[in-house]
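Asker: Okay, here's the structure, questions in a sec.
Protein chains in written order, with the numbering used here: chain V, 631 to 926; chain G, 3 to 233.
Printed below as a string of C-alpha cells:
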C-alpha cells in the first residue's frame, strides 16, 4: 500500500471564519477513506484542497510522484445535463485537453464499466439521479485516475441506486483506485470504507482503524424473510428494502462466530444468498456519530 | 479553450433561455422599422439602447445556464477560473457581435432609411451597438450568481445599473467631473445625436467609443478580481 497524498496542518478561513484548523491526514492507494463530520465542519473544503481545486491558507500538501491524476465528483449531482453521455464526456475531455481518438476509446470503456452503453446516445435530461451520478463519476475517470474524490456520492439516491453506486466504488477500489469521500450513510461506511476519519471542530480528531481488524459482523443479503426463522440469537435484520410489490430484500447481520451456523440454516431453507459482506462493527460507527450528538 | 466555448454555447442554446430576450430583440427591431422612412443615427441610437438592455438579459441567462453542480465539474476540468470565465465572456461577446451586426445591417437591407446610408453611418451604427452591448455584458456580469447569491437581487441589480446608466446620460451636465466614473452610455447617445448629414467621423468619436470599451474591460477585470477573492 503506497502513501499517495499527505496533508499536514491545513488551515483555511472564509471571510474570517475558520473552516479548517490544523487538519492533517494521509491517503493510501487501494483504499476507500471516508471523511465524516457535521454539516459545515469543513469536509467539502478538505476534499477540494486534497483535489487541488482550492488552496489552503497554510499547511503543506505532498503528492506521491507516481500519482498523476485526480478525479473529482462534487456534492451536487448535475440535475440538468442537455447532452448525451457521449457528447458530455467528449466535451469534458476536450476541456481537459484530451485528444479525440484517446477520448473515444476511453468513453467506450467507461460506458461498458458503468453499464450505460445502451443509453449512450440518449439525452441525459431524462436520466434518473443514479444514472446522472454515474455520468458524474465517469467524467472524473476520463483520464487514467489514481485517486477519486467524491463529495457525498450517495446523497439523494434511492436505495437501489445507492447500492449500485456503492458496489461500483468497491469495484473501482479493486481496480487499484484510492477513493476519498464524504458521506452520511452509515451503511456505506460499514460496508465499503477501509478508514473513517472524523472531522470535528475543523480538524481531524479521530480515525477508525483498518476494516480487516474490525470485521466482526457478517452481513447476508437475502431476498425473503421466510428464511430467517430459527437463526442464531446474534442474527438481526438490519434493513428491509422493498424492491417492488412482490420482492423484498433483507439484510441480515450476524456475529462472526455464527457465520457457519447461519449459512447452514439459510442453505437448508433454500434461501438464495445474494451477497455476503464483512462489516466494521456497526456499533463502532454509530458510536462516532452519537458521541458527536448525531451530527454527521 | 475552443472546446469550453463550444460547450458553453451549446449548453446555452439547449437551455432555451435565449428565447425571451431574442423574441424581445426581434420584436423591437420589427416595430422600430415598421414605418419608413426613418432617420439613420436616431434609429441606430434607439436600437443600440434596446440592445443595451437585451444584452443585460442575455448575459445573466448565459452566466446562469449551466447547472450549478456541473459548473464545479467544468471548472475542475478547465483548471483555471480565468479560462472558465473567459469562455463565458466570449460567448456573451459573440452574441453582442452578431446582434450588433444584425441591428446595423437589417434596416439597410430592409430599406428603412430615407436617405442613402454612407460608410460613416454604418461604422457609427455598428460601434454604437457593439460598444453598448459590451458595456451591458460587463456591467451585468457584476450581478450574476458568481458574485450575487440571491437571484432576485441579480435581476434588480442588473436593471438598476442599466437604468442608472441611462439616467446618468440625462443628468450628465449637472453631475460634473464624477460623470467619468459612471457607465459611459451617455457618450454613445451624445455621438448618435449628430445629424444624418455627417460626412466624416471626428477622431474624438473614436476616443469616446474607446473609453466605452475600456470601461467595459475595467468592469470585466473588476469581476475577475472579485470572483478570485470570493474563491
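In this text, a Cβ means the ideal position worked out from N, Cα and C, and glycines have one as well.
Within the chosen definition, does the stretch 106 to 115 of chain G reach the stretch 59 to 66 of chain G through at least 3 CB pairs nearer than 8 Å?
Answerer: With the cut-off at 8 Å, the stretch 106 to 115 of chain G and the stretch 59 to 66 of chain G do not touch.
Asker: Pull up the distance between the alpha-carbon of residue 843 of chain V and that of residue 881 of chain V, whole angstroms please.
Answerer: Residue numbering aside, residue 843 of chain V sits at position 213 when the first chain is read from its first letter. Residue numbering aside, residue 881 of chain V sits at position 251 when the first chain is read from its first letter. Note on residue 843 of chain V: pLDDT 45, under 50, position unreliable in the model; no value is reported.
Asker: Only counting the same chain, and skipping five residues up and downstream in sequence, which positions put a Cβ closer than 7 Å to that of residue 895 of chain V?
Answerer: If you number the first chain from 1, residue 895 of chain V lands on position 265. Within the same chain, residue 895 of chain V has close Cβ partners 860 and 861.
Asker: I need the DSSP call for residue 647 of chain V, collapsed to helix, strand or coil.
Answerer: One-based indexing of the first chain puts residue 647 of chain V at position 17. Residue 647 of chain V: strand per DSSP, three-state reduction.
Asker: Spatial neighbours of residue 85 of chain G within its chain, please: C-beta separation below 8 Å, excluding the five flanking residues on both sides.
Answerer: In the second chain, residue 85 of chain G corresponds to position 83, counting from 1. Within the same chain, residue 85 of chain G has close Cβ partners 3 and 6.
Asker: For residue 714 of chain V and chain G, any beta-carbon pair shorter than 9 Å?
Answerer: Numbered from 1 along the first chain, position 84 holds the residue referred to as residue 714 of chain V. Answer no: the Cβ-Cβ gap between residue 714 of chain V and chain G never drops below 9 Å.
Asker: Could you check the C-alpha separation between residue 54 of chain G and residue 761 of chain V for me, to the nearest Å?
Answerer: To locate residue 54 of chain G, count along the second chain from 1; it is residue 52. To locate residue 761 of chain V, count along the first chain from 1; it is residue 131. Near 41 Å, if we compare the C-alpha coordinates of residue 761 of chain V and residue 54 of chain G.
Asker: What does the alpha-carbon distance come out to for the pair residue 841 of chain V and residue 635 of chain V?
Answerer: Locating residue 841 of chain V in the first chain gives position 211, counting from the first residue. Locating residue 635 of chain V in the first chain gives position 5, counting from the first residue. The predicted model places residue 841 of chain V with a pLDDT of 49, which falls under 50 and marks its position as unreliable; any figure quoted below should be read in that light. Approximately 20 Å, taken between the alpha carbons.
Asker: Report the option in G/159, G/47, G/130 and G/165 whose CA atom is closest to the CA atom of residue 209 of chain G.
Answerer: Within the second chain, numbered from 1, the residue matching residue 209 of chain G stands at position 207. Considering only alpha carbons, the answer is G/130.
Asker: Based on Cα-Cα distance, which residue from V/632, V/724, V/795 and V/655 lies nearest to residue 828 of chain V?
Answerer: The residue you call residue 828 of chain V lines up with position 198 of the first chain. Nearest of V/632, V/724, V/795 and V/655 to residue 828 of chain V, Cα basis: V/655.
Asker: With burial defined as no fewer than 16 other Cβ atoms inside 10 Å of the residue's Cβ, what is the status of residue 112 of chain G: buried or exposed?
Answerer: Locating residue 112 of chain G in the second chain gives position 110, where the first residue counts as 1. With fewer than 16 other Cβ atoms within 10 Å, it is exposed.
Asker: From the DSSP output, in three-state form, read off residue 842 of chain V for me.
Answerer: In the first chain, the residue the question calls residue 842 of chain V occupies position 212. Caution applies to residue 842 of chain V, whose pLDDT of 44 falls short of 50 and renders its modelled position unreliable; the value that the coordinates give is listed next. Helix.
Asker: Compare the C-beta of residue 9 of chain G with all C-beta atoms of chain V and state if any pair is closer than 9 Å.
Answerer: Within the second chain, numbered from 1, the residue matching residue 9 of chain G stands at position 7. Yes, its Cβ sits closer than 9 Å to a Cβ of chain V.
Asker: Does residue 708 of chain V get closer than 9 Å to chain G when you measure Cβ to Cβ?
Answerer: The residue labelled residue 708 of chain V in the question sits at position 78 within the first chain. Yes, residue 708 of chain V lies at the interface with chain G (some Cβ there is under 9 Å from its Cβ).
Asker: Just verifying my parser: in three-state terms, what is the DSSP assignment at residue 685 of chain V?
Answerer: Along the first chain, one-based indexing puts residue 685 of chain V at 55. DSSP places residue 685 of chain V in coil when its eight states are reduced to three.
Asker: From the beta carbon of residue 201 of chain G, is the nearest beta carbon of chain V less than 9 Å away?
Answerer: In the second chain, the residue the question calls residue 201 of chain G occupies position 199. It does not: the Cβ of residue 201 of chain G has no partner Cβ on chain V nearer than 9 Å.
Asker: Would you kindly work out how many angstroms separate the C-alpha atoms of residue 711 of chain V and residue 871 of chain V, rounded to a whole number?
Answerer: By one-based count along the first chain, residue 711 of chain V stands at place 81. By one-based count along the first chain, residue 871 of chain V stands at place 241. Each residue's alpha carbon lies about 30 Å from the other.
Asker: Entirely within the stretch 776 to 826 of chain V and at least 3 residues each: give me those beta strand (DSSP E) ranges in chain order.
Answerer: Qualifying beta strand (DSSP E) stretches, in chain order: 777 to 781 and 808 to 812.
Asker: Kindly indicate which residue of V/724, V/888 and V/663 has the alpha-carbon position closest to the one of residue 863 of chain V.
Answerer: By 1-based counting over the first chain, the position of residue 863 of chain V is 233. Nearest C-alpha to residue 863 of chain V: V/888.
Asker: With 16 other CB atoms within 10 Å as the buried threshold, where does residue 204 of chain G fall?
Answerer: Taking the first residue of the second chain as 1, we reach residue 204 of chain G at position 202. Exposed: under 16 other Cβ atoms inside 10 Å.
Asker: Residue 167 of chain G touches chain V at which residues, Cβ-Cβ below 9 Å?
Answerer: Residue 167 of chain G sits at position 165 when you count from the first residue of the second chain. Simply none; closest approach about 30 Å.
Asker: Pick from G/169, G/97 and G/30: whose alpha carbon is nearest that of residue 57 of chain G?
Answerer: Mapped onto the second chain, residue 57 of chain G falls at position 55. Ranking G/169, G/97 and G/30 by Cα distance to residue 57 of chain G puts G/97 first.
Asker: Can you tell me where the alpha helix (DSSP H) with residue 210 of chain G in it begins and where it stops?
Answerer: Stepping through the second chain from its first residue, residue 210 of chain G is reached at position 208. Residue 210 of chain G -> alpha helix (DSSP H) spans 205 to 232.
Asker: With DSSP collapsed to three states, give me the class of residue 642 of chain V.
Answerer: Taking the first chain and counting its residues from 1, the one referred to as residue 642 of chain V is at position 12. Note: residue 642 of chain V maps to strand in three-state DSSP.
Asker: In three-state DSSP terms, what is residue 17 of chain G?
Answerer: By one-based count along the second chain, residue 17 of chain G stands at place 15. Helix.
Asker: Looking at C-alpha atoms only, which residue of G/194, G/188 and G/197 is the closest neighbour of residue 214 of chain G?
Answerer: Your numbering for residue 214 of chain G matches position 212 in the second chain. Residue G/188 is the option with its Cα nearest to residue 214 of chain G.
Asker: Short of 7 Å in beta carbon distance, which residues of its chain neighbour residue 644 of chain V, apart from the five on each side in sequence? Order them along the chain.
Answerer: Numbered from its first residue, the first chain carries residue 644 of chain V at position 14. Nothing listed; no residue qualifies.
Asker: By the 10 Å Cβ neighbour count, where 16 or more other Cβ atoms means buried, how is residue 735 of chain V classified, buried or exposed?
Answerer: Here residue 735 of chain V corresponds to residue number 105 of the first chain, with the count starting at 1. Label assigned to residue 735 of chain V: exposed.
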